[in-house]
Amino acid sequence: MKAALYWLILFNLWILSSLANSIELPSASEPSALGAAIAKETDRRNLGFTDTKSHMEMILTNQNGDVSSRRLRMNTLENKNIEDGDWNLIVFDEPRDIKGAALLTYAHILDPDDQWFFLPALKRVKRISSTNKSGPFMGSEFAFEDFSSQEVGKYSYTWFRDEPCGDRTCHVVQRKPLYKYSGYTRMVAWTETTDYQLVKVDFYDRKNELLKTLTLSEYRLYLEKYWRAHDLYMVNHVSNKTTRLKWTDYEFQTGLTEKDFSQNSLKRTR
Amino acid sequence: MRSYAVLIAFCFYVHDLYGVDLDIEGEFEFELRSFFHESFYDQARNNYASISSLIELGIYGDNDKHALIIKTFVRGDSGDSRRSHGDLREAKYRYVNGDFELTLGVDKVFWGVAEFVHLVDIINQTDFVESVDGEQKLGQTMMRASYVSKIGTFTGFFMPEFKPRNFSESDGRPMADFLVDTSREFYQSSDGRNHHDFAFRYNNSFDVWDLGLSYFKGTSREPLLVKENLIADLIVPYYPQREQFSVDIQATLDSWLLKLEALKQSEVSTNIGRLVAGFEYTYYGIFHSFSDLGIVVEYMWDERKLEAPTLFNNDIGLGLRWSANDTDSTVLLAGTIYDLETSSMALFLEAERRLSNQLKLSFEARFQISVEDQDRILYPLRNEDFLRLQVTYYF
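Note that the protein sequences, when read in sequence, are chains A and B.
Quick note: this note's numbering has the first sequence finishing at residue 270, numbered continuously throughout.
Quick note: this note's numbering has the second sequence finishing at residue 1395, numbered continuously throughout.
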């Protein structure tokens, strides 16, 4: 009797989980609802990651082929309040002159983020304006808004089409930033239809001209649930400069708490 | 030598046993300073070269719950005897447990929000031979306990010893037209350098606001320069006891940062108020480029006006900061300080740029445009316009 009950529960769970993975999308006659549903699905698949620790190397190449690099570490805490953005702490390692500098961000969806910058030489924590999210991050082709948390509520969506991308199929969806101070009028994002991960984004500048293209690859699965791209390659079509972000040493659910994202912890970074 | 070997072996042993981390990092700097005018003193020169090092050793254990950090600074100067000096910037043990943090030993802390003057920042003594702008500080021995709560961060300080301010000798520059005899410094408290100082700070951030409230009771970090009786032209530093209440507030409103630091200090039975208030505004992506232009305007006020032992008694500071946001992180900063009391005016220019992953070039120039003789701070420094060039190697 008891065993039968267990089997019944397991069977129900199996039904539920298979339902969760086969999603009902709105029809193509409602392109904005369909676009938003695709973004929500990507977001849903990342729910519950709790926290991550990771390392990043940035390789900057200018139009003459000169190469320079940066290194940093990033800790992220998932915000339990889904109406608000995640928290993250970035510690800079290279170039050496900024070693030990750190940036604490409480991201918001439509309001400007709260950001504090730590200057290790002065031991000073300075609250900074976060309206410059569209400027070059560490002199690279990435803006802070390009790799910070991509909350669903930040954009309005329009589904364009589905098309093949590599050996998979992609939803092609336009995103228009709803937050003030974005550097873009719109983006066009390719999301593959198997795992609902981004594979490519075109960024259009304030004059609505194609400015940059981001290609995301080397996806790896963590805790059998969370996909992370390990190679983000940005090409600036105007300046012909490129930046490659290489993420390494991803760790999930490391036990980080809000305490690790305080101004006191910002002063303790190393 | 043998004891070093034992120590290193011990460190590796501890490392293996408890997962202890060792960090060594630092910088070497080469500096040239050039003064445009002749000094008041025969011993002084117009050009100085110097080298300095800043080395930090950190030992961390149990996921950084325990940390032992030592940071030493040493400078050797070709001619400026007082500038050849060393200081233990940090030598501390730090314990962190969740919301609680305890620091024992020598450390540095920073309070405040303003750019032109760090008014409420009182814990550490200024390293005056290193910087005329008060940005460089000497390490301070302290016991500090901090608690982060839902309603803000509470920090208490106990400081058992005091470091007096350092002043240049007649062979050093920048140098006033009078000499400060630090060997004859004296204190209001009979405990002298061993007076026990206390401080308390509350700070919190909510919405667009960052607020700090601080209290300090102990030896003033700003000496009063007094004429010793009988011996004319001999100036000695006098360190009174001070009690100080202060507030620092910043409102971050999009591209605007609004700032205020204000304090009330009681010293030698007088109560005086001081404040600095102003704003910082940044234009991001000027002229459709990637560079940013920031404007800083601050008003500085001291109730003592001309009698104040500070440059900033009734002054306006205006600064422009241009950040190229290029791969070399080029930054230019130009500014002026104008004294509304005496009409004296000073200019400064700072620039820096990365040369490679481990090298940085910095430039600084300070000039006086007009100096009135009733200006107690700038007038004695009227011959001290200079520029300096630094190359820093980081490892």
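C-beta atoms are modelled at their ideal positions from N, C-alpha and C, and glycine is treated no differently.
This one's a predicted model, so the numbers in the text were calculated from it and none came from an experiment.
Take residue i and list the residues in its own chain whose beta-carbon comes closer than 7 Å to its own, dropping the five residues that flank it on each side.
i: LEU119 of chain A; result: ALA101, LYS126
i: LEU1179 of chain B; result: SER1170, ILE1235
i: ASN62 of chain A; result: LYS241
i: GLY1152 of chain B; result: TYR1202, ASN1203, ASN1204
i: PRO95 of chain A; result: ARG70
i: PHE1110 of chain B; result: ASP1121
i: LEU1211 of chain B; result: ASN1203, ASN1204, ILE1249
i: TYR226 of chain A; result: ASN46, PHE49, PHE252
i: SER217 of chain A; result: ALA229, ASP231
i: SER1050 of chain B; result: GLU1031, ARG1075, GLY1076, ASP1077, SER1078, ARG1083
Pull the bridge partners of residue i from the DSSP assignment, please.
i: HIS1288 of chain B; result: DSSP, once it has assigned bridges, lists no residue as partnering HIS1288 of chain B.
i: LEU1234 of chain B; result: B:LEU1179
i: ASP1087 of chain B; result: B:PHE1073
i: TYR250 of chain A; result: None, per the DSSP bridge assignment.
i: VAL1296 of chain B; result: B:GLU1280, B:GLY1319
i: THR158 of chain A; result: A:GLN174
i: ILE1377 of chain B; result: DSSP, once it has assigned bridges, lists no residue as partnering ILE1377 of chain B.
i: TYR1147 of chain B; result: B:PHE1100, B:PHE1154
i: TYR196 of chain A; result: Paired residue(s): none; TYR196 of chain A is not in a bridge.
i: ASN46 of chain A; result: DSSP lists no partner for ASN46 of chain A.
i: PHE1028 of chain B; result: B:SER1053, B:TYR1393
i: ALA1308 of chain B; result: The partner list for ALA1308 of chain B (beta bridge, DSSP) is empty, contrary to what the question assumes.
i: PHE92 of chain A; result: A:LEU72
I need the straight-line Cα distance from residue i to residue j, nearest angstrom please.
i: PRO177 of chain A; j: SER27 of chain A; result: 23 Å
i: GLU1341 of chain B; j: PHE1216 of chain B; result: 29 Å
i: LYS40 of chain A; j: GLN1250 of chain B; result: 37 Å
i: LEU1389 of chain B; j: LEU1349 of chain B; result: 12 Å
i: GLN1244 of chain B; j: SER262 of chain A; result: 27 Å
i: GLU192 of chain A; j: CYS170 of chain A; result: 4 Å
i: VAL1371 of chain B; j: SER1344 of chain B; result: 5 Å
i: TYR219 of chain A; j: THR213 of chain A; result: 18 Å
i: MET1001 of chain B; j: GLU1280 of chain B; result: Low local confidence applies: a pLDDT of 48 at MET1001 of chain B is under 50, so the model's placement there is unreliable, and no value is given.
i: ASN1396 of chain B; j: PHE1287 of chain B; result: Because chain B spans 1001 through 1395 in this model, residue 1396 of chain B falls outside it and cannot be assessed.
i: ASP1127 of chain B; j: GLY1139 of chain B; result: 9 Å
i: GLN1374 of chain B; j: THR131 of chain A; result: 44 Å
i: LEU1258 of chain B; j: LYS133 of chain A; result: 20 Å
i: GLU57 of chain A; j: ALA229 of chain A; result: 13 Å
i: TYR181 of chain A; j: MET1175 of chain B; result: 48 Å
i: ASP1326 of chain B; j: LEU1361 of chain B; result: 15 Å
i: SER239 of chain A; j: GLU224 of chain A; result: 40 Å
i: ARG1184 of chain B; j: PHE1040 of chain B; result: 22 Å
i: LEU77 of chain A; j: GLY135 of chain A; result: 24 Å
i: LYS99 of chain A; j: PHE1100 of chain B; result: 26 Å
i: ALA33 of chain A; j: ASN208 of chain A; result: 23 Å
i: SER1285 of chain B; j: PHE1395 of chain B; result: The question names Ser, but residue 1285 of chain B in the sequence shown is Gly. When rounded, the distance between both Cα atoms is 33 Å.
i: LEU16 of chain A; j: ILE38 of chain A; result: Residue confidence is low: LEU16 of chain A scores 49 on pLDDT, short of 50, so the model does not pin down where it sits. No coordinate-derived value is stated.
i: ILE82 of chain A; j: LEU72 of chain A; result: 27 Å
i: ARG1382 of chain B; j: ASP1339 of chain B; result: 15 Å
Could you give the C-beta distance for residue i and residue j, rounded to a whole number, given that I count them as a contact under 8 Å?
i: LYS1108 of chain B; j: GLU1090 of chain B; result: 7 Å
i: PHE252 of chain A; j: PHE49 of chain A; result: 6 Å
i: THR981 of chain B; j: GLY1086 of chain B; result: Limits of chain B in this structure are 1001 at one end and 1395 at the other, which puts residue 981 of chain B out of reach.
i: GLU145 of chain A; j: THR243 of chain A; result: Rounded, the Cβ-Cβ distance is 14 Å, inconsistent with contact.
i: LEU1054 of chain B; j: GLY1026 of chain B; result: 5 Å
i: ARG1144 of chain B; j: THR1103 of chain B; result: 4 Å
i: PHE1363 of chain B; j: VAL1117 of chain B; result: Between VAL1117 of chain B and PHE1363 of chain B the Cβ distance is about 22 Å, and since that is not below 8 Å, they are no contact.
i: VAL1164 of chain B; j: TYR1239 of chain B; result: Reading off the sequence, residue 1164 of chain B comes out as Pro, not Val. Yes, PRO1164 of chain B and TYR1239 of chain B are in contact; Cβ-Cβ is about 7 Å, under 8 Å.
i: HIS237 of chain A; j: LEU211 of chain A; result: 6 Å
i: ALA1114 of chain B; j: GLU1261 of chain B; result: 5 Å
i: ILE109 of chain A; j: GLY85 of chain A; result: 6 Å
i: ALA121 of chain A; j: GLY183 of chain A; result: Incorrect: roughly 30 Å between the Cβ atoms, too far for contact.
Residues in the same chain with beta-carbon distance under 8 Å from residue i, minus the five sequence neighbours each way, listed in chain order, please.
i: LYS1065 of chain B; result: TYR1095, VAL1096, ASN1097
i: VAL1247 of chain B; result: VAL1120, LEU1211, GLY1212, LEU1213, SER1214, LEU1260, GLU1261, ALA1262, LEU1263
Suppose the cutoff is 6 Å on Cβ atoms and the five residues either side in sequence are ignored; what does the same chain contact list for residue i look like?
i: ALA1324 of chain B; result: SER1291, THR1330
i: ALA1321 of chain B; result: The question names Ala, yet the displayed sequence has Arg at residue 1321 of chain B. Closer than 6 Å at the Cβ level, and outside the excluded window around ARG1321 of chain B, lie GLY1294, LEU1333.
i: LYS200 of chain A; result: TRP190, THR215
i: ASP1021 of chain B; result: TYR1060
i: THR105 of chain A; result: ASN88, ASP113, GLN115
i: ALA36 of chain A; result: TYR157
i: ASP43 of chain A; result: VAL152
i: ALA1308 of chain B; result: ASP1302
Unbroken stretches of the alpha helix (DSSP H), 4 residues or longer, contained in the segment 1095–1130 of chain B: none
Secondary structure, alpha helix (DSSP H): runs of 4+ residues fully inside the segment 1152–1229 of chain B: none
Ranges of the alpha helix (DSSP H) found wholly within the segment 111–156 of chain A, counting only runs of at least 4: 144–147
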